[in-house]
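Residue numbers (this note's numbering): 1401 to 1581.
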Amino acid sequence: MAGARLGMIVQAAPLHDIGKVGVPDATLLKPGRLTSAEFEIMKLHPSIGANAIDKAMRQALAAADDAAATLAAGAFAFMEVAREISLNHHEKWDGSGYPAGLAGDAIPVSARLMALADVFDALLTRRVYKAPLTLEQTTRIIRDGRGTHFDPDVVDAFLACREQFSEIAARYVDPEPDPTT
């Protein structure tokens, strides 16, 4: 994968969790384990995000004349990649993910890439509900998910450039929380 498609995936990746704006803060920021009902609410965020992106595209297209719509084709291609990632980044290679239970090659490549990057970030980063894991622990979990959670080829690519992942994560690490505030 290279060229314009890869560039759009890279640029659209930060929008993968845009649907979390539709999840109550009490659920998003809960310091402990989610209840099954809270998890069902959290599982709505991929669809919420994809629907929001789709609605934005439809509204923009409806407001545009033919010339503007033709010029907007590149922006819509980017937004379609963002929608695809948002909707599918919690699908799992073995079909046990959500929201649609897609498996294998039925999951768009963009979402397969985002799935691994999202888990890498979630494991390695402090969250309100957990301490960060080490790079070794994170790598083991990703390697163990090869062929079940993750596309085997994506895991292999990750392992080949794991140090680059680690360097980027270190560059953007969140500061330790101040216990006095």
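No residue lacks a Cβ here, since even glycine has one placed at the ideal position from N, Cα and C. All of these numbers come straight from a predicted model, not from anything done at the bench.
- prompt: Would I1409 pass as a contact of M1514 if the rule is Cβ separation under 9 Å?
  reply: Counting from 1 along the sequence shown, the entry for residue 1409 is found at position 9. Counting from 1 along the sequence shown, the entry for residue 1514 is found at position 114. Going by C-beta atoms, I1409 is nearer than 9 Å to M1514.
- prompt: What are the boundary residues of the alpha helix (DSSP H) that I1448 is part of?
  reply: Taking the sequence shown and counting its residues from 1, one reaches residue 1448 at position 48. Note, I1448: alpha helix (DSSP H), H1445 to A1463.
- request: Determine, using beta-carbon pairs with one atom in the region 1404-1419 and one in the region 1479-1498, whether at least three such pairs fall under 8 Å.
  value: yes
Nearest residue (CA-CA) to L1434, options L1406, D1494 and V1528: By one-based count along the sequence shown, residue 1434 stands at place 34. Minimum Cα distance to L1434 is reached at V1528.
- request: Helix, strand or coil for K1530, going by three-state DSSP, please let me know.
  value: Position 130 of the sequence shown, counted from the start, is the residue given in the question as residue 1530. Correct three-state label for K1530: strand.
field: Residues bridged to R1592 [DSSP beta-bridge criterion]
entry: Missing from the structure shown is residue 1592; the chain here goes from 1401 to 1581 and no further.
- prompt: Thinking just about the alpha-carbon of each residue, which of R1512, A1560, A1522 and A1464 is nearest to the one in G1547?
  reply: Along the sequence shown, one-based indexing puts residue 1547 at 147. Ranking R1512, A1560, A1522 and A1464 by Cα distance to G1547 puts R1512 first.
A1482 versus V1423, E1440, P1446 and A1468, residue with shortest Cα-Cα distance: As a first step, residue 1482 must be located in the sequence shown, where it is residue number 82. Of V1423, E1440, P1446 and A1468, the residue nearest in Cα terms is P1446.
message: In whole angstroms, give me the CA-to-CA distance for G1432 and F1439.
response: For the purposes of this step, residue 1432 is taken as the residue at position 32 of the sequence shown. For the purposes of this step, residue 1439 is taken as the residue at position 39 of the sequence shown. The alpha-carbon atoms of G1432 and F1439 are separated by roughly 12 Å.
Simplified DSSP state of T1470, which is helix, strand or coil: Here residue 1470 refers to the residue found at position 70 when the sequence shown is read from its first residue. If DSSP states are grouped into helix, strand and coil, T1470 belongs with the helices.
query: Shortest alpha-carbon distance to S1566 belongs to which of D1521, G1474 and D1556?
result: As a working mapping, residue 1566 is identified with position 166 in the sequence shown. Among D1521, G1474 and D1556, the Cα nearest to that of S1566 is on D1521.
- prompt: Helix, strand or coil: how does DSSP classify D1521 here?
  reply: As a working mapping, residue 1521 is identified with position 121 in the sequence shown. It is helical.
field: E1536, buried or exposed, once every other Cβ within 10 Å from all chains shown has been counted against 16
entry: Counting from one through the sequence shown, the residue named residue 1536 turns up at place 136. E1536 comes out exposed.
field: Q1459 to T1427 span [Cα, whole Å]
entry: Taking the first residue of the sequence shown as 1, we reach residue 1459 at position 59. Taking the first residue of the sequence shown as 1, we reach residue 1427 at position 27. Q1459 and T1427: Cα-Cα distance of roughly 30 Å.
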